[in-house]
Structure formats: structure tokens, C-alpha cells
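Quick note, the sequences are listed as chains P and B, same order. Numbering follows the UniProt record's numbering, in which position 144 of the first sequence is assigned residue number 144; successive positions increment by one, without gaps. Numbering follows the UniProt record's numbering, in which position 68 of the second sequence is assigned residue number 68; successive positions increment by one, without gaps. Worksheet: one structure, shown below.
2 protein chains.
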Amino acid sequence: MTEALIHTTADNTGDTAAAPGAQQPVDLQPSDVEAAVHSIADRSRRAARRMAMANRAWKDRALRAVGAALKANTQAILEANARDVAAGKANGTSAALLDRLTLTGARIDGLVAALENLANLPDPVGNVVRGQTLPNGLRLRQVNVPMGVVAAIYEARPNVTVDIAGLALKSGNAVILRGGSAAEATNSVLVRVLREALESVGLPADAVQTVDQYGRAGANVLMRARGRVDVLIPRGGRDLIQTVVTNSAVPVIETGEGNVHIFIDESADEEMAVEILLNAKTQRPSVCNTVETLLVHSGSTVLPAVAAALDKAGVRLHVDERIRAALPAAVDSVPAMDEDWATEYMDLDLAVGMVDSMEEAISHIRRWTTGHTEAILTNNLSNAERFIAEVDSAAVIVNASTRFTDGGELGLGAEVGISTQKLHARGPMGLTELTTTKWIVQGEGQTRG
Amino acid sequence: MTEALIHTTADNTGDTAAAPGAQQPVDLQPSDVEAAVHSIADRSRRAARRMAMANRAWKDRALRAVGAALKANTQAILEANARDVAAGKANGTSAALLDRLTLTGARIDGLVAALENLANLPDPVGNVVRGQTLPNGLRLRQVNVPMGVVAAIYEARPNVTVDIAGLALKSGNAVILRGGSAAEATNSVLVRVLREALESVGLPADAVQTVDQYGRAGANVLMRARGRVDVLIPRGGRDLIQTVVTNSAVPVIETGEGNVHIFIDESADEEMAVEILLNAKTQRPSVCNTVETLLVHSGSTVLPAVAAALDKAGVRLHVDERIRAALPAAVDSVPAMDEDWATEYMDLDLAVGMVDSMEEAISHIRRWTTGHTEAILTNNLSNAERFIAEVDSAAVIVNASTRFTDGGELGLGAEVGISTQKLHARGPMGLTELTTTKWIVQGEGQTRG
Numbered sequence: 001m002t003e004a005l006i007h008t009t010a011d012n013t014g015d016t017a018a019a020p021g022a023q024q025p026v027d028l029q030p031s032d033v034e035a036a037v038h039s040i041a042d043r044s045r046r047a048a049r050r051m052a053m054a055n056r057a058w059k060d061r062a063l064r065a066v067g068a069a070l071k072a073n074t075q076a077i078l079e080a081n082a083r084d085v086a087a088g089k090a091n092g093t094s095a096a097l098l099d100r101l102t103l104t105g106a107r108i109d110g111l112v113a114a115l116e117n118l119a120n121l122p123d124p125v126g127n128v129v130r131g132q133t134l135p136n137g138l139r140l141r142q143v144n145v146p147m148g149v150v151a152a153i154y155e156a157r158p159n160v161t162v163d164i165a166g167l168a169l170k171s172g173n174a175v176i177l178r179g180g181s182a183a184e185a186t187n188s189v190l191v192r193v194l195r196e197a198l199e200s201v202g203l204p205a206d207a208v209q210t211v212d213q214y215g216r217a218g219a220n221v222l223m224r225a226r227g228r229v230d231v232l233i234p235r236g237g238r239d240l241i242q243t244v245v246t247n248s249a250v251p252v253i254e255t256g257e258g259n260v261h262i263f264i265d266e267s268a269d270e271e272m273a274v275e276i277l278l279n280a281k282t283q284r285p286s287v288c289n290t291v292e293t294l295l296v297h298s299g300s301t302v303l304p305a306v307a308a309a310l311d312k313a314g315v316r317l318h319v320d321e322r323i324r325a326a327l328p329a330a331v332d333s334v335p336a337m338d339e340d341w342a343t344e345y346m347d348l349d350l351a352v353g354m355v356d357s358m359e360e361a362i363s364h365i366r367r368w369t370t371g372h373t374e375a376i377l378t379n380n381l382s383n384a385e386r387f388i389a390e391v392d393s394a395a396v397i398v399n400a401s402t403r404f405t406d407g408g409e410l411g412l413g414a415e416v417g418i419s420t421q422k423l424h425a426r427g428p429m430g431l432t433e434l435t436t437t438k439w440i441v442q443g444e445g446q447t448r449g
Numbered sequence: 001m002t003e004a005l006i007h008t009t010a011d012n013t014g015d016t017a018a019a020p021g022a023q024q025p026v027d028l029q030p031s032d033v034e035a036a037v038h039s040i041a042d043r044s045r046r047a048a049r050r051m052a053m054a055n056r057a058w059k060d061r062a063l064r065a066v067g068a069a070l071k072a073n074t075q076a077i078l079e080a081n082a083r084d085v086a087a088g089k090a091n092g093t094s095a096a097l098l099d100r101l102t103l104t105g106a107r108i109d110g111l112v113a114a115l116e117n118l119a120n121l122p123d124p125v126g127n128v129v130r131g132q133t134l135p136n137g138l139r140l141r142q143v144n145v146p147m148g149v150v151a152a153i154y155e156a157r158p159n160v161t162v163d164i165a166g167l168a169l170k171s172g173n174a175v176i177l178r179g180g181s182a183a184e185a186t187n188s189v190l191v192r193v194l195r196e197a198l199e200s201v202g203l204p205a206d207a208v209q210t211v212d213q214y215g216r217a218g219a220n221v222l223m224r225a226r227g228r229v230d231v232l233i234p235r236g237g238r239d240l241i242q243t244v245v246t247n248s249a250v251p252v253i254e255t256g257e258g259n260v261h262i263f264i265d266e267s268a269d270e271e272m273a274v275e276i277l278l279n280a281k282t283q284r285p286s287v288c289n290t291v292e293t294l295l296v297h298s299g300s301t302v303l304p305a306v307a308a309a310l311d312k313a314g315v316r317l318h319v320d321e322r323i324r325a326a327l328p329a330a331v332d333s334v335p336a337m338d339e340d341w342a343t344e345y346m347d348l349d350l351a352v353g354m355v356d357s358m359e360e361a362i363s364h365i366r367r368w369t370t371g372h373t374e375a376i377l378t379n380n381l382s383n384a385e386r387f388i389a390e391v392d393s394a395a396v397i398v399n400a401s402t403r404f405t406d407g408g409e410l411g412l413g414a415e416v417g418i419s420t421q422k423l424h425a426r427g428p429m430g431l432t433e434l435t436t437t438k439w440i441v442q443g444e445g446q447t448r449g
């Protein structure tokens with residue numbers, strides 16, 4: 001999950017791993033790449049103006065046309081994808097990455113269903129955030145409008161191409177895509193299908209463009225194109241996100257990493273603790289809202305039952321010494337190292353530590369959290385309130401599974417990602433987070449006194 | 001207004017212009033500065049946690065204590081300021097910059113009054129943005145919480161020190177300040193007064209800190225301190241803002257530049273046009289919401305009256321050839337160059353051009369605008385609606401002065417600045433824009449199916 005796609009030096013222009021079937025420009029100078037990507041961004045700006053004018057019915061027609069075109073082009077998509085997968089195998093790509101790279105008929109059906117779901121959601125554009133009539137008679141309203149040009153830099157997961165394009169189009173934006181070079185053949189077909197579908201309903205094909213053909217150099221230009229690109233969304237592993245966040249001059253929405261904690265205090269119910277831990281760790285271990293560290297108050301009696309249930313479910317427990325001493329003999333465990341507290345396993349592994357107070361639990365969380373989601377299991381009101389107040393994460397949960405930090409679960413309809421930064425959006429982002437606002441002031445000649 | 005305070009190269013550590021009275025570290029290595037600024041940021045984080053817990057009454061007490069302390073320390077503040085001003089004069093600083101640098105008893109009174117106004121405003125922290133009970137019984141709410149550590153980089157205007165500190169404290173944040181070195185003696189006293197006032201009411205002094213003693217190197221470290229600093233606000237001229245925006249790895253809110261347009265279409269009322277143009281250009285020419293370019297439809301008959309009124313008010317008109325041909329003989333003008341369309345004069349100057357259509361007016365605005373504020377004067381409904389829909393600026397105004405793009409005028413109470421970016425905040429920013437949100441989820445054992 002940490003495939004670094006972008007070099008951190010601005011002068012790097014080489015992405016020599018041309019995917020089969022992709023059109024790779026030969027011997028491009030940095031200034032050529034810059035001019036080409038700027039030209040793509042300028043076309044995107046013009047397309048964005050037309051997208052911003054499209055009403056919901058028109059945009060939904062486009063989303064359904066994309067879905068129908070994906071179905072109609074399934075064969076071509078799967079063939080291109082097979083070439084990417086074959087090249088990946090030849091390059092020794094890991095099984096997990098190959099799985100993410102692979103499309104199947106069923107996965108394409110899933111993308112089509114997601115587009116239909118998007119078409120059924122309300123339009124975030126035009127929503128009035130607030131408004132009033134001022135004492136001087138000015139009518140004032142703040143309205144959601146599209147961002148304009150949205151760029152996405154992501155790894156070799158072709159489903160993201162369709163996913164992020166659909167979200168951007170529904171919210172009235174144009175999108176510039178930069179996917180992993182290992183998926184370039186697949187993405188090239190998907191972008192063509194998206195563009196043709198847009199044109200078929202009278203919307204601009206340039207609302208979806210890719211800079212994949214310019215490799216890492218193209219991604220670097222995209223990251224510096226402040227003013228041309230309104231927002232940049234990195235999607236992928238830690239290295240990719242850190243590279244984008246550190247090097248981008250374009251405003252970035254940081255998504256992702258979840259080193260998620262659950263704290264069981266001395267008043268927590270045993271049965272609830274067992275069920276929530278099983279759900280939070282084993283329901284889908286590879287995602288960001290799965291729990292990675294469990295902290296147990298030394299006064300709690302639930303540890304044996306919780307540990308036994310997790311052990312039985314195949315979870316490997318990385319425990320500190322006091323936890324090990326308190327575990328039933330039948331429960332397997334390995335010693336926790338310092339790095340375990342920092343690790344987002346995304347697998348059937350869980351770090352478990354013992355604390356003697358709320359204070360100690362909150363200090364541990366502050367030291368190690370990525371600010372995604374933390375939960376407390378408690379029946380003590382003041383502990384619940386203190387945890388809510390003092391834990392500074394995008395989502396703070398009392399007596400429920402951490403798996404609820406999800407746009408769909410929280411009623412946002414679609415999810416752009418889960419923001420772990422504090423600016424603009426925090427936690428699950430829906431379509432509204434792909435819009436900005438505009439103040440509209442209407443008068444009849446008012447001047448300022 | 002374009003004093004560049006920060007070098008763009010990351011290895012620049014020299015700010016040799018030590019202000020009189022400031023404690024300037026001697027022979028600091030870059031790694032020393034980094035460690036020192038990181039240590040300041042870590043203290044700021046701890047202080048931010050305590051500020052986040054302070055209720056409104058406590059924070060308001062702090063703001064009033066700061067006001068009283070500013071009054072009590074007026075003599076010391078003015079003495080330090082006199083040293084900065086004397087050094088500025090010796091360095092040949094321009095009269096305009098010296099004016100911004102200068103504090104007087106009346107100006108200190110103004111700062112005290114602004115703090116009192118802040119104390120009277122509602123607390124943005126704890127406001128529930130949205131909430132619902134989900135079908136599974138989970139109670140969900142999204143609540144405004146403080147950002148945490150806010151940093152500000154600004155020019156040699158000591159009033160900004162008190163202004164931004166007051167806004168940050170009211171919204172429950174800690175703040176790290178980096179003012180212009182030319183104001184370092186004044187800022188040093190102001191920061192001491194702020195810190196003592198915080199302590200006097202039992203809040204942490206470290207909620208207000210400065211990195212002025214580390215010069216440009218300190219500012220560079222601050223800009224790279226992603227994770228330690230939650231948001232960075234540059235305040236000042238174009239060069240300062242561009243430097244921060246381009247070099248910061250910390251999320252930035254870009255404020256400022258306003259190349260503001262008014263378009264008079266062929267249906268606009270003459271009297272209204274005269275009054276609005278006079279107000280928008282002459283009421284306070286040096287601020288960002290003052291009009292800089294007037295576009296007049298060739299079918300309008302109001303130009304002679306508008307131009308004569310502006311000329312009489314001392315406005316120098318920079319006009320294209322068609323406007324010049326249409327001006328009354330008695331009205332002075334100079335020819336507009338291409339650069340006039342791009343210029344934010346911030347003075348009694350106005351570029352004036354003639355257009356033959358809405359289309360042409362909107363194209364001109366798109367080419368030259370900074371996205372701050374644009375207005376249309378019209379009595380044509382479809383023109384008004386088209387202008388609102390197609391002009392992509394933070395504020396779009398119909399039949400009123402552009403001077404209304406202001407936090408106070410739009411009912412926000414206090415103004416942090418006027419954002420010209422699309423992420424997080426757009427247009428006038430109030431206290432709420434110095435907060436982020438937290439999702440709070442409360443259940444009784446819910447797990448995800």
C-alpha cells in the first residue's frame with residue numbers, strides 16, 4: 001500500500017515504466033511536460049464552467065451514460081486490464097497489489113451500481129448554506145458551488161478512476177486524473193469511455209482528463225499548478241499521501257491513515273466489549289476504520305473474555321507485559337514493541353496495552369493517533385464526556401464499533417474519502433466536500449456608510 | 001505592501017536585521033532553529049488542549065484582561081514602538097509602511113475596543129453543525145471544535161499581533177506569531193502583555209507565542225511544520241502571501257488580493273451607478289474590496305455621469321480607446337495599458353473599459369480577476385442571474401457596492417480575513433472559520449453488519 005508514485009525532487013521527469021498499450025511521450029523536456037499539463041488544466045477549467053451550469057438531471061444522465069458505457073465496453077476494459085495485470089506479474093508485483101489492480105465483470109458491475117447510487121443522491125450544488133436580509137435591505141445568501149478543477153493522484157486501482165470521476169461530475173466539477181502507471185492501460189480505456197459518455201449527453205469530454213501519459217513529471221506539474229487546479233486529492237498509501245501533502249502548492253485534502261484506538265474503562269460491559277472488538281477488528285481488517293490498538297483499564301474485568309474471543313477469531317495479539325500476565329493461558333500473544341503502537345496493521349493483528357487511568361489512555365492516544373477515529377467503551381458518564389472532549393480525532397465514538405466512521409454509515413450517501421486534516425473537511429467526506437461556497441449579495445443601490 | 005519576509009529557499013536562515021530591543025539568538029544552526037520552533041509548537045499544542053476546554057466565559061475574561069493590560073502597558077508599548085519606528089526611519093522605510101508600523105494611544109484604544117467586541121460575540125466552539133439519530137439508534141452529531149495550533153505570518157503591523165491573537169483565543173486555539181522584523185520590539189512587548197493577561201485568568205501563557213526571535217529561518221520551519229501546526233494564515237501583501245502559499249507544507253488559508261470589477265450593463269440606472277461607483281472606489285480606496293476595474297456596456301448611457309462624478313472625486317481614470325471617445329471633454333483620463341486590467345491600485349485609480357456584451361464582460365473578468373468580489377449593476381433579471389451563475393468569485397453582488405464584502409458588514413461579527421481560495425473558507429471568514437469539526441457518535445453497543 002505504499003507504492004510511491006512521485007519523486008520528491010521537482011526536477012524528476014522520469015517514469016520509465018511505460019505500461020503496455022499506453023502512449024508514452026518520447027524525450028519530453030520538463031518545460032514541454034509543464035506546458036502540456038497546463039494546457040490540460042486550462043481545458044479542464046473551460047469544461048468546469050460548463051459542468052457548473054449543468055443541472056442535476058443532466059449530470060445524472062451523464063452518470064448513467066457512463067454506467068451503460070462501462071457495461072458496453074466491458075470486454076475492452078478487461079482486455080486492457082489483463083495486459084496491466086500480466087505486466088505487473090512479470091514485474092513481480094505483490095499479490096495484494098495485483099488484486100487491487102484486477103478488474104472483473106463483477107467489479108465493473110459494482111462500479112456501475114455505485115454510479116447509479118450517485119445518480120440517486122441529491123445535488124450538493126445550489127444548496128443554501130445560510131442567508132439573511134441585512135438591516136440595510138441587502139439580501140445575502142451563501143450557496144454551495146462546484147470547486148471547479150479537482151485533481152486526484154492515486155495508486156494502481158482502476159476502480160478509483162471511475163469512482164473519483166463520478167463524484168467529481170456529480171458535484172459539478174471537472175477532474176484531472178493521475179493513476180498509478182501500473183494501471184495505465186486500464187485507465188486509458190476507462191478515461192476514453194468516460195469522455196465518450198459525457199459527450200453522448202452533451203457535456204464536455206474534457207471534464208475528465210488524465211495526465212498519466214506524462215508520468216511522474218506530469219504529477220509533479222499537477223502538484224505545483226496552484227490557481228489552475230482548485231483542490232488535489234491523494235488516494236493511496238502513506239508514502240503517496242505524504243509525498244503529495246509535502247510537495248503540493250495546490251490545496252490538498254489529506255485522506256486516509258487510521259491508527260484507530262479503542263479504550264475499555266473499568267465500567268465497560270463485557271458482552272458489549274466482546275462484540276464491538278470483534279466487529280471493529282475482524283469485520284474488514286484491511287480498511288482504515290478498523291481498530292489497531294486496544295487499551296484496557298487495569299480495573300476492568302473484561303480482558304479475558306475479549307482476548308479469548310479475538311484469539312478464537314484468529315487475531316494475533318501484540319501485548320505489553322501487564323496484559324500478558326492477565327491473559328488466560330489458552331490465549332496466544334506476542335510481545336508488543338514500541339512500533340506496534342504506531343502501526344496501522346490493516347490485518348488480523350491488534351496491539352493491546354494496559355493503562356491505570358483515563359489520563360494515561362488519553363495520553364497514549366495523543367501520542368500515537370493519526371486523528372482518524374477513537375472509541376471508548378464505558379458506562380461512566382463523566383468518562384464518556386471527558387473522552388469526547390479531550391480526544392482530538394475526526395470521529396470520537398462511545399459504545400459502538402469504530403467501523404461506523406464511513407460516509408455511507410453516517411448518512412452522507414457517497415464517500416470521497418476520510419479526511420484526517422482539519423481544514424475544509426474532517427472525517428468522512430461526502431459530495432458537499434467537493435464543493436465550495438459563493439456569497440451572493442443582492443440590493444437595489446446600497447452603499448456603505 | 002509587498003515586503004517579502006521569507007526567503008523561498010529552504011536553507012535560508014539569515015535574518016540579520018535584528019530589531020532594537022529584541023533578543024536575537026547568536027550563531028544558531030538550522031537544526032537549532034528547527035528544534036527551537038518545534039519545541040514552541042509542542043508547547044503550543046499543550047496550551048491548545050487547555051484552551052479547547054475553556055468555556056466562553058473564561059475566554060471572554062481573558063480577552064478583557066488582555067484589553068486592560070494593553071491599556072495599563074500603553075507607555076511601554078509606545079516606547080518599544082517608537083524604537084521600531086526610529087529604526088524604520090533610519091532604514092529608509094516608506095511613509096506608508098511607517099504608518100502601518102506606528103501605534104498611538106488612539107490605535108491601542110481601537111485594539112482594546114476590538115477585543116471587547118470579540119468578547120461580546122458568541123462562541124463558535126460547541127456549535128452543532130448537523131446531527132441525527134441513525135436507523136440503528138446511533139446518535140450522531142458534527143460539532144465545531146478549535147483547530148488547535150494556528151500560526152500567522154504577517155508584515156510589520158503590530159495591530160495584527162493583537163488582532164489575530166484575540167481571534168485565535170476566542171475560538172479556543174493557541175497561536176504562534178511571526179511578525180515582520182521591523183516591528184519586533186513592539187511585538188515583543190505585545191506578546192509579553194498577552195501572555196501575562198492569559199496567566200492572570202488561569203489560562204496558559206503558551207497559548208500565545210512568537211517565533212520572531214528566529215527570523216526568517218523560524219518562519220521557514222513554521223511553514224514546514226505539518227502535523228505540529230494545524231493551519232497557517234499569511235496576512236500582508238501579495239509577495240508575502242505567494243511565498244507562504246508556495247512553500248508551506250502546513251494547510252494555508254490564502255487571504256487578500258482583490259482585483260475587483262463592476263460591470264454596468266445597458267439597463268443600469270444612472271443615479272444608482274454613480275452612487276455605487278463613488279462608494280466602491282472612494283470610500284476607502286486602500287482596502288481589498290474597493291473596485292479596481294469598471295466595465296461599461298456600449299449600449300449604456302450612464303458613462304458620462306459616472307465618469308464625471310469619479311473625476312470630480314479625484315479618481316484618475318485609466319481608460320481604453322472607446323471609453324475615451326465616449327467621455328465628456330471635461331473629464332481627465334489616461335490610456336489604459338494591459339497591466340491596468342491586472343492592477344490592484346488600492347488608490348484613487350480606476351481602469352475603465354467598454355464591452356459589447358455580457359459575454360465579453362464575463363470573459364474579461366475571468367481573465368483578470370483574483371476571485372475576490374465582482375458586481376453587476378443592472379435592471380435585467382436574466383443578466384443578473386447569468387452574472388451570479390457564471391462569475392466564479394468569493395462574492396458576487398447585484399446592485400450594491402463591492403465594499404460590502406466584509407465580515408462585519410455581512411454579519412460575521414469579527415473578520416479573520418477574506419479568503420480567496422476555495423478550500424475551507426471562501427470570502428469573509430469569521431470565528432467559525434478558525435474551527436474545525438469533530439464527529440461524535442454515541443451508541444449502546446452497535447456493530448456494523
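Note that the Cβ used here is the ideal one computed from N, Cα and C, for glycine as well.
Asked                                                                                                                                                                                                                     : Found
Alpha helix (DSSP H) containing B/Glu271: first to last residue?                                                                                                                                                          : Glu270 to Thr282
Going by beta carbon distance, what residues of the same chain come within less than 7 Å of P/Thr436, once the five residues before and after it are set aside?                                                           : Val145 and Met147
For B/Asn399, return the contacting residues in chain P, with the cut-off set at a CB-CB distance below 8 Å.                                                                                                              : Gln442, Gly443, Glu444, Gly445 and Gln446
Over the uninterrupted alpha helix (DSSP H) stretch that includes P/Asn136, give me the two end residues.                                                                                                                 : Run containing P/Asn136: none; DSSP gives neither H nor E here.
Taking the alpha-carbon positions, what's the B/Gly407 to B/Gly67 distance?                                                                                                                                               : 22 Å
Ordered along the chain, which non-local residues of its own chain (more than five positions away) have a Cβ less than 8 Å from that of P/Arg46?                                                                          : Pro204 and Asp206
Determine contact between the segment 391-405 of chain B and the segment 366-376 of chain B, defined as no fewer than three beta-carbon pairs at a distance below 8 Å.                                                    : yes
By how many angstroms is the C-alpha of P/Gly411 removed from the C-alpha of P/Gly427?                                                                                                                                    : 13 Å
Mapping the DSSP letters down to three states, classify P/Pro204 as helix, strand or coil.                                                                                                                                : coil
What is the DSSP secondary structure of P/His424, reduced to helix, strand or coil?                                                                                                                                       : coil
How about B/Pro122: is its C-beta nearer than 8 Å to some C-beta of chain P?                                                                                                                                              : no
Check distances from the C-beta atoms of the segment 369-397 of chain B to those of chain P and list, in chain order, the residues that come in under 8 Å.                                                                : Ala384, Ile388, Ala389, Glu390, Asp392, Ser393, Ala394, Ala395, Val396 and Ile397
Using a Cβ-Cβ cut-off of less than 9 Å, give me the residues of the segment 412-432 of chain B that come near chain P, in sequence order.                                                                                 : Gln421, Lys422, Leu423, His424, Ala425, Arg426, Gly427 and Pro428
Looking at the strands, I want to know which residues DSSP matches up with P/Arg45.                                                                                                                                       : For P/Arg45, which the question treats as bridged, DSSP gives no partner whatsoever.
Comparing C-alpha positions only, which one of P/Ser200, P/Arg192, P/Val211 and P/Leu98 sits nearest to P/Ala156?                                                                                                         : P/Leu98
Whether or not the segment 248-255 of chain P and the segment 221-230 of chain P are in contact is what I'm after, with contact meaning three or more pairs of Cβ atoms, one per stretch, closer than 8 Å; do they touch? : yes
Count the other CB atoms, across all protein chains shown, that sit within 10 Å of the CB of P/Trp341; report buried if there are 16 or more and exposed otherwise.                                                       : buried
Under 8 Å between beta-carbons, which chain B residues line up against P/Thr246? List them in chain order, please.                                                                                                        : Arg226 and Ala249
Could you round the C-beta distance between B/Met51 and B/Gly172 to whole angstroms and report it? I think they count as a contact, below 8 Å.                                                                            : 5 Å
Confirm, please, whether the CB-CB distance from B/Ser401 to P/Arg448 is below 8 Å.                                                                                                                                       : yes
Below 7 Å on C-beta distance, what does B/Met147 contact in chain P?                                                                                                                                                      : Lys422
Among B/Asp212, B/Leu111, B/Met346 and B/Leu240, which has the Cα closest to the Cα of B/Asp163?                                                                                                                          : B/Leu111
Is it buried or exposed for B/Leu317, if we count other Cβ within 10 angstroms and need 16 for buried?                                                                                                                    : buried
For P/Asn144, list the residues DSSP reports as bridge partners.                                                                                                                                                          : P/Thr437
At the 8 Å Cβ level, is residue 452 of chain B part of the contact set with chain P, yes or no?                                                                                                                           : The question about residue 452 of chain B has no answer here: the residues shown for chain B are numbered 1 through 449.
With a cut-off of 8 Å, does the C-beta of P/Phe263 fall near any C-beta of chain B?                                                                                                                                       : no
Counting only Cβ-Cβ distances shorter than 7 Å, please list the residues of the segment 274-307 of chain P near chain B, keeping chain order.                                                                             : Glu275, Ile276, Asn279 and Gln283
Tell me the DSSP bridge mates of B/Ala151?                                                                                                                                                                                : B/Ile176 and B/Leu232
Using 8 Å as the limit for Cβ to Cβ distance, is P/Met346 near chain B?                                                                                                                                                   : no
Would DSSP call B/Arg448 helix, strand or coil?                                                                                                                                                                           : coil
Helix, strand or coil for B/Ala375? Go by DSSP, reduced to three states.                                                                                                                                                  : strand
If we count Cβ pairs, one from each stretch, closer than 8 Å, do we get three or more for the segment 264-275 of chain P versus the segment 231-241 of chain P?                                                           : no
What's the C-alpha gap between B/Ala82 and B/Thr102?                                                                                                                                                                      : 8 Å
Which value, in whole angstroms, describes the spacing of the CA atoms of B/Val331 and P/Asp32?                                                                                                                           : 49 Å
May I ask which residues mark the beginning and end of the beta strand (DSSP E) holding B/Ser419?                                                                                                                         : Gly417 to Ser419
Secondary structure at B/Pro335, three-state DSSP: helix, strand or coil?                                                                                                                                                 : strand
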